[in-house]
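I have placed the structure first, in the form of structure tokens, so that the comments after it can refer back to it.
There are 2 protein chains.
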Amino acid sequence: MKALLFKELKQFPILTEIPDLSTSDTTDALVEIKAAALNRRDYFITQGLYPGIKIPMILGSDGVGFYEGDRVLINPSLDWGKDPGVQDKSFQVLGMPTSGTLAEMIAVPHDRLHSVPSHLSMDEAASLPLAGLTAYRALFTRGCLRKGQTLLITGIGGGVASTALQFALAVGAIVAVTSGSQAKIDKAISLGAVQGVNYRDSDWRTQIANEIPGFDLVLDSAGGSGFAELVKLTKPGGTICIYGGTRGAINGLSPQSIFWKQLNIKGSTMGSDEDFNQMLSLVEAHSIRPIVDSIYAMGESAEAFRRLADSQQFGKIVIRIAD
Amino acid sequence: MKALLFKELKQFPILTEIPDLSTSDTTDALVEIKAAALNRRDYFITQGLYPGIKIPMILGSDGVGFYEGDRVLINPSLDWGKDPGVQDKSFQVLGMPTSGTLAEMIAVPHDRLHSVPSHLSMDEAASLPLAGLTAYRALFTRGCLRKGQTLLITGIGGGVASTALQFALAVGAIVAVTSGSQAKIDKAISLGAVQGVNYRDSDWRTQIANEIPGFDLVLDSAGGSGFAELVKLTKPGGTICIYGGTRGAINGLSPQSIFWKQLNIKGSTMGSDEDFNQMLSLVEAHSIRPIVDSIYAMGESAEAFRRLADSQQFGKIVIRIAD
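First to last, the protein sequences are chains A and B.
The first sequence begins at 1182 in this note's numbering and counts up one residue at a time.
The second sequence begins at 1182 in this note's numbering and counts up one residue at a time.
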């Protein structure tokens, strides 16, 4: 079968012919993958920025395909454990250290398979699992977002951020976004965000505060020195949910602001099986269609990884595994 | 009547004869104060480190006395508002900008008065309100501490920290403490803490982790660069509750640790009327006696403020207003 094989650190995966999987080798479900999608995690792994990297390896956490004639979507969250509050030590994300979705076939535990919501194309469905799960947990399980509340999403464009925008709008939240790209801000506004500001503007915080004086929830995956500004934008009693840290360590954070405003700063990553089920229910109830940024053939995957590495996308970058 | 009057910035209050309060001037309850207690807030105000300082002013948030022949204790939380999650803009702490408890008489709204728990002396009761309320909210309302959970209290000795130690032990938590003073650590151990380490030791974090590998809850009022160490000591899914910031801005905080461990960092200050009622119930149910560090006469108040300023105390510094 064909697979995108990650063979060498700092190199993108390479289209390679590898032995087929066989039902005699496993009790897991063998799924014929039709479409996969990339996540920032895949790029980080190629750059060696992940613990426990094994080579060679098939990457990919997002995948949809056919199992026994049915359209199935794979929950990439493996062995979360029994505590809904936090993942177990045994927790893994599909695609490292276990073989991922960037291949014509994958073996996954039967309980990872869900029916593809009927309103979704295979490309859209491939765009949903990891970003949808992460966005759902951050917004609702951890962030407790409700109808009518105000939400700020920093760095709109990535898979989680753009999915969070869709989910939040679906439940009736009022959403503002930041980005370094005017095109991404325009896209977010066209989707329903009430405001977007360019974080490269020196007065970006004032621009936001003039429109929405305080946020019930802020979703951030940057951290860094800009994080302290988010504290100022959060309403008293509000929450900042952290699901990434691309700008590194948080500095200059005022304890006084945190205690006087009774703030909540919560970390969130991936999600439990219950989160996944609830996420699928939300997508079905509101007929949400994940935003597909672009679609690449397996042979064009280096371009897809390049687009991911450069954060050019708005929504998900799909790799079409089979037509 | 006699009052400790704060007349000049950077000076401690001075024992002064001022006009008596009269029932004809107010519809509030006039309470004959018997004992008051100091809080760090009082010292900060004398140093000008507080917004909206008015001079001259009677400081003091903690007080007990007599009203219509009954022993009463004053809830120093004024106008919290309707949202249990966060105080209203109208919220004030008794003792600035309204006249406080360091005088022979005070006028306070009737609904601020509670019966003194029968097992407490007036000096003990005076030690309870502000520290008890702050500790209760931080531990339970915000920190969700339960029996059998592990708790780390940093900087043991202050009023909130020592009261939190008592409350946590009462509900069956396993408590460790830090301090820069061996005497305070010894005192905490004698009260029931299972471990105490000196944060001046370079390996203080290892010392704690060897005894208790992870904390469900960490209570911190320091912030500063040491805060990042607390993240490492907190269990996955655990909470750090911030109720002060004596060491200033938090730096070097890893977003990755926060999201991967699904941590909760929560700010907490003072508390709602419901918090206050629940705190009194806890004190009565477990016959908790607040720790009185020392008792000063009104004429010795400069020494009391000096002890507070130097953080020499373990428990509360009481000012005896009347015998």
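All C-beta atoms, glycine included, are put in the ideal place defined by N, C-alpha and C.
Note that the structure is a prediction, hence the values are computed from the model and not measured.
Review point. Between the region 1433 to 1444 of chain A and chain B, which residues of the former have a C-beta closer than 7 Å to a C-beta of the latter?
Key: 1433, 1434, 1435, 1436, 1437, 1439, 1440, 1441, 1442, 1443 and 1444
**Study point:** Cβ-Cβ distance between residue 1358(B) and residue 1378(B) below 9 Å
**Key:** yes
Point to revise | Helix, strand or coil at residue 1374(A) according to DSSP, with G and I counted as helix | key: coil
Check your understanding: Using 9 Å as the limit for Cβ to Cβ distance, is residue 1313(B) near chain A?
Key -> no
Review point. On the premise that residue 1258(A) lies in contact with residue 1460(A), defined as a C-beta separation below 8 Å, what is that separation, rounded to the nearest angstrom?
Key: Going by Cβ atoms, the distance from residue 1460(A) to residue 1258(A) rounds to 11 Å, so no, they are not a contact pair.
Review point. Can you list, in chain order, the residues of its chain whose CB lies under 6 Å from that of residue 1423(A), leaving out five sequence neighbours each side?
Key: 1401 and 1448
Point to revise | Pair within 9 Å by beta-carbon distance, residue 1418(A) and residue 1251(B) | key: no
**Study point:** Per-residue contacts from residue 1431(B) into chain A (C-beta, under 7 Å)
**Key:** 1434 and 1436
Check your understanding: Would you call the region 1236 to 1253 of chain B and the region 1201 to 1208 of chain B touching, i.e. three or more CB-CB distances under 8 Å?
Key -> no
Exercise for review: Using a cut-off of 8 Å between C-beta atoms, extract the partners of residue 1450(B) located in chain A.
Suggested key: 1440, 1441 and 1443
Exercise for review: Name the two residues that bound the continuous beta strand (DSSP E) containing residue 1321(B).
Suggested key: Counting along the chain, residue 1321(B) falls outside any beta strand (DSSP E), and DSSP gives it neither H nor E.
**Study point:** From 1375(A), 1271(A) and 1297(A), residue whose alpha carbon lies closest to that of residue 1329(A)
**Key:** 1375(A)
Point to revise | Given residue 1428(A) as reference, the closest of 1446(A), 1420(A) and 1408(A) once Cα atoms are compared | key: 1408(A)
Check your understanding: Expressed to the nearest angstrom, what Euclidean distance is found between the alpha-carbon atoms of residue 1439(A) and residue 1267(B)?
Key -> 12 Å
Check your understanding: What first and last residue would you give for the alpha helix (DSSP H) that runs through residue 1410(A)?
Key -> 1408 to 1414
Check your understanding: Comparing alpha-carbon positions, which option in 1496(A), 1479(A) and 1492(A) lies nearest residue 1504(A)?
Key -> 1479(A)
Exercise for review: Starting from residue 1183(A), follow its DSSP beta bridges and name the residues at the other end.
Suggested key: 1198(A)
Exercise for review: Give the residues from the region 1391 to 1418 of chain A that approach chain B closer than 7 Å (Cβ to any Cβ), ordered along the chain.
Suggested key: 1404, 1417 and 1418
Exercise for review: Mind checking which residues open and close the alpha helix (DSSP H) that includes residue 1267(B)?
Suggested key: That residue, residue 1267(B), is in no alpha helix (DSSP H); it is neither H nor E in DSSP.
Review point. Leaving out five residues before and five after residue 1296(A) in sequence, what residues of the same chain have Cβ atoms less than 8 Å from its Cβ?
Key: 1251, 1252, 1253 and 1254
Check your understanding: If you follow the alpha helix (DSSP H) that residue 1387(B) is part of, which residue opens it and which one closes it?
Key -> 1385 to 1392
Exercise for review: With 9 Å as the threshold, decide whether the Cβ of residue 1447(B) is near any Cβ in chain A.
Suggested key: yes
Practice item. Would you list the residues sitting across from residue 1213(B) in a DSSP beta bridge? Key: 1247(B) and 1286(B)
**Study point:** Member of 1475(A), 1493(A) and 1445(A) whose CA lies at the smallest distance from the CA of residue 1363(A)
**Key:** 1493(A)
Check your understanding: Do the region 1307 to 1315 of chain B and the region 1203 to 1220 of chain B touch if we need at least three Cβ pairs shorter than 8 Å?
Key -> yes
Exercise for review: Tell me residue 1188(A)'s beta-bridge partners as DSSP assigns them.
Suggested key: Answer is none; residue 1188(A) lacks a bridge partner.
Exercise for review: Note down the Cα distance separating residue 1289(A) from residue 1491(A), rounded to an integer number of angstroms.
Suggested key: 31 Å
**Study point:** Beta-carbon contacts of residue 1224(A) that lie in its chain and below 6 Å, excluding the five residues immediately before and after
**Key:** 1489 and 1490
Review point. Alpha carbon to alpha carbon, what distance is there between residue 1373(B) and residue 1350(B)?
Key: 7 Å
Check your understanding: What in chain A is Cβ-close to residue 1423(B), meaning under 8 Å?
Key -> 1436, 1439 and 1440
Review point. Candidates 1498(A), 1185(A) and 1182(A): which alpha carbon is nearest residue 1344(A)'s?
Key: 1498(A)
Check your understanding: Under 9 Å between C-beta atoms, does residue 1266(A) make it to chain B?
Key -> yes
**Study point:** Rounded separation between residue 1333(B) and residue 1432(B) - CA only
**Key:** 20 Å
Exercise for review: May I have the straight-line CA-CA distance separating residue 1227(B) from residue 1486(B), to the nearest angstrom?
Suggested key: 10 Å
Point to revise | Residues bridged to residue 1258(B) [DSSP beta-bridge criterion] | key: 1274(B)
Review point. In terms of alpha-carbon separation, which member of 1465(B), 1367(B), 1502(B) and 1277(B) lies closest to residue 1476(B)?
Key: 1502(B)
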